[in-house]
Amino acid sequence: MLIEVLKSKIHRVRVTQADLNYIGSITIDEDLMNESNLIEGEKVAIVNVNNGERFETYVIKGERKSGMICLNGPAARKVAIDDIIIIIGYALMDFEEAKTFKPSIVFPNESTNLIH
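Take any residue in the sequence shown, note its place counting from 1, add 31, and you have its number in our numbering.
This is the structure we're talking about:
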(Lines of atoms letter the chains of each structure in order from A and count residues from 1; the text may use other names and numbers.)
(Lines give C-alpha, C1' and ligand atoms only; values in the text may rest on other atoms or scores of the structure.)
Protein backbone atom coordinates (compact mmCIF):
# COMPACT_ATOMS: atom_id res chain seq x y z
CA MET A 1 0.00 0.00 0.00
CA LEU A 2 1.21 3.52 -0.84
CA ILE A 3 0.46 6.50 1.37
CA GLU A 4 1.12 10.21 0.90
CA VAL A 5 3.48 11.67 3.51
CA LEU A 6 5.31 14.92 4.21
CA LYS A 7 8.56 14.97 2.21
CA SER A 8 9.65 18.62 2.31
CA LYS A 9 8.68 21.74 4.18
CA ILE A 10 9.82 25.36 4.18
CA HIS A 11 8.24 26.62 7.38
CA ARG A 12 7.25 30.29 7.68
CA VAL A 13 8.90 32.07 4.78
CA ARG A 14 8.03 35.61 3.63
CA VAL A 15 6.53 36.34 0.21
CA THR A 16 8.89 38.77 -1.55
CA GLN A 17 7.06 39.11 -4.89
CA ALA A 18 3.76 38.35 -6.61
CA ASP A 19 3.55 38.40 -10.41
CA LEU A 20 -0.02 38.00 -11.69
CA ASN A 21 1.05 38.18 -15.35
CA TYR A 22 3.40 35.19 -15.19
CA ILE A 23 2.23 31.78 -16.42
CA GLY A 24 2.03 30.22 -12.96
CA SER A 25 4.04 28.61 -10.15
CA ILE A 26 6.15 29.64 -7.16
CA THR A 27 9.73 30.81 -7.58
CA ILE A 28 11.92 29.73 -4.65
CA ASP A 29 15.54 30.64 -3.83
CA GLU A 30 17.59 27.64 -5.01
CA ASP A 31 19.32 27.33 -1.61
CA LEU A 32 15.92 26.90 0.08
CA MET A 33 14.97 24.33 -2.56
CA ASN A 34 18.14 22.33 -1.94
CA GLU A 35 17.84 22.43 1.86
CA SER A 36 14.19 21.34 1.75
CA ASN A 37 14.73 18.67 -0.92
CA LEU A 38 12.42 20.29 -3.49
CA ILE A 39 13.10 20.16 -7.23
CA GLU A 40 12.06 22.34 -10.12
CA GLY A 41 8.63 21.35 -11.45
CA GLU A 42 7.61 19.59 -8.24
CA LYS A 43 4.03 20.04 -7.06
CA VAL A 44 3.77 21.84 -3.72
CA ALA A 45 1.02 22.94 -1.37
CA ILE A 46 1.09 26.54 -0.15
CA VAL A 47 -0.47 27.58 3.16
CA ASN A 48 -0.81 31.33 3.77
CA VAL A 49 -0.48 32.02 7.50
CA ASN A 50 -1.86 35.57 7.11
CA ASN A 51 -5.16 34.78 5.40
CA GLY A 52 -5.67 31.02 5.63
CA GLU A 53 -5.52 30.39 1.85
CA ARG A 54 -4.40 26.91 0.81
CA PHE A 55 -3.55 26.05 -2.80
CA GLU A 56 -1.24 23.98 -5.00
CA THR A 57 1.27 24.98 -7.65
CA TYR A 58 4.70 23.87 -8.89
CA VAL A 59 8.25 25.03 -8.16
CA ILE A 60 10.51 27.21 -10.32
CA LYS A 61 14.15 27.69 -9.34
CA GLY A 62 15.05 31.19 -8.13
CA GLU A 63 18.40 32.89 -7.73
CA ARG A 64 20.62 31.51 -4.95
CA LYS A 65 20.97 33.62 -1.78
CA SER A 66 18.26 35.99 -3.03
CA GLY A 67 15.64 34.94 -0.48
CA MET A 68 13.13 35.05 -3.35
CA ILE A 69 9.66 33.67 -2.76
CA CYS A 70 7.46 34.78 -5.66
CA LEU A 71 3.94 33.58 -6.34
CA ASN A 72 3.21 33.70 -10.06
CA GLY A 73 0.06 33.72 -12.17
CA PRO A 74 -3.31 33.19 -10.46
CA ALA A 75 -1.56 32.20 -7.20
CA ALA A 76 -0.45 35.83 -6.93
CA ARG A 77 -4.05 36.68 -5.98
CA LYS A 78 -3.86 34.38 -2.95
CA VAL A 79 -1.00 36.26 -1.24
CA ALA A 80 0.25 39.74 -0.50
CA ILE A 81 3.91 40.73 -0.43
CA ASP A 82 5.26 40.18 3.12
CA ASP A 83 2.69 37.45 3.90
CA ILE A 84 4.14 34.46 5.73
CA ILE A 85 3.60 31.13 3.98
CA ILE A 86 4.46 27.48 4.48
CA ILE A 87 5.56 25.46 1.43
CA ILE A 88 4.90 21.71 1.63
CA GLY A 89 5.98 18.86 -0.64
CA TYR A 90 4.48 15.39 -0.29
CA ALA A 91 5.62 11.99 -1.56
CA LEU A 92 3.96 8.65 -2.18
CA MET A 93 5.76 5.83 -0.46
CA ASP A 94 5.29 2.36 0.80
CA PHE A 95 3.57 2.20 4.19
CA GLU A 96 6.53 0.47 5.87
CA GLU A 97 9.08 2.87 4.33
CA ALA A 98 6.99 5.83 5.50
CA LYS A 99 7.28 4.70 9.12
CA THR A 100 11.01 5.50 9.18
CA PHE A 101 11.22 8.25 6.55
CA LYS A 102 12.48 11.64 7.79
CA PRO A 103 11.25 14.71 5.88
CA SER A 104 13.47 17.70 5.07
CA ILE A 105 12.18 20.65 7.08
CA VAL A 106 13.73 24.12 6.82
CA PHE A 107 13.16 27.05 9.19
CA PRO A 108 14.53 30.11 7.32
CA ASN A 109 14.92 33.56 8.83
CA GLU A 110 11.49 35.18 8.26
CA SER A 111 12.90 38.62 7.55
CA THR A 112 15.52 37.56 4.97
CA ASN A 113 14.25 34.10 3.91
CA LEU A 114 17.84 32.87 4.20
CA ILE A 115 18.85 29.72 6.00
CA HIS A 116 20.23 30.31 9.50
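We put the CB at the ideal spot given by N, CA and C, even for glycine.
Counting C-beta pairs closer than 8 Å gives three or more between the segment 36-52 and the segment 63-80, which meets the contact rule.
In this structure, the straight-line span from the alpha carbon of Ala107 to that of Ile100 is close to 11 Å.
Shown here for Lys96: same chain residues with a beta carbon closer than 8 Å to its own, the five before and five after excluded, namely Asp60, Asp62 and Leu145 in chain order. When Glu127, Phe126 and Asp114 are compared, the shortest CA-CA separation from Thr143 is found for Asp114. Assigned with DSSP and collapsed to three states, Ala107 falls in helix. In the three-state reduction of the DSSP assignment, Met64 falls in the helix class. Here Arg85 has Val78 as same chain residues with Cβ atoms under 6 Å from its own Cβ, once five neighbours each way along the sequence are excluded. Bridge pairing for Lys74: Tyr89 [DSSP]. Ile118 has its alpha-carbon roughly 17 Å from the corresponding atom of Lys133.
Here Val90 really is in contact with Leu69; their C-beta atoms are around 5 Å apart, less than 8 Å.
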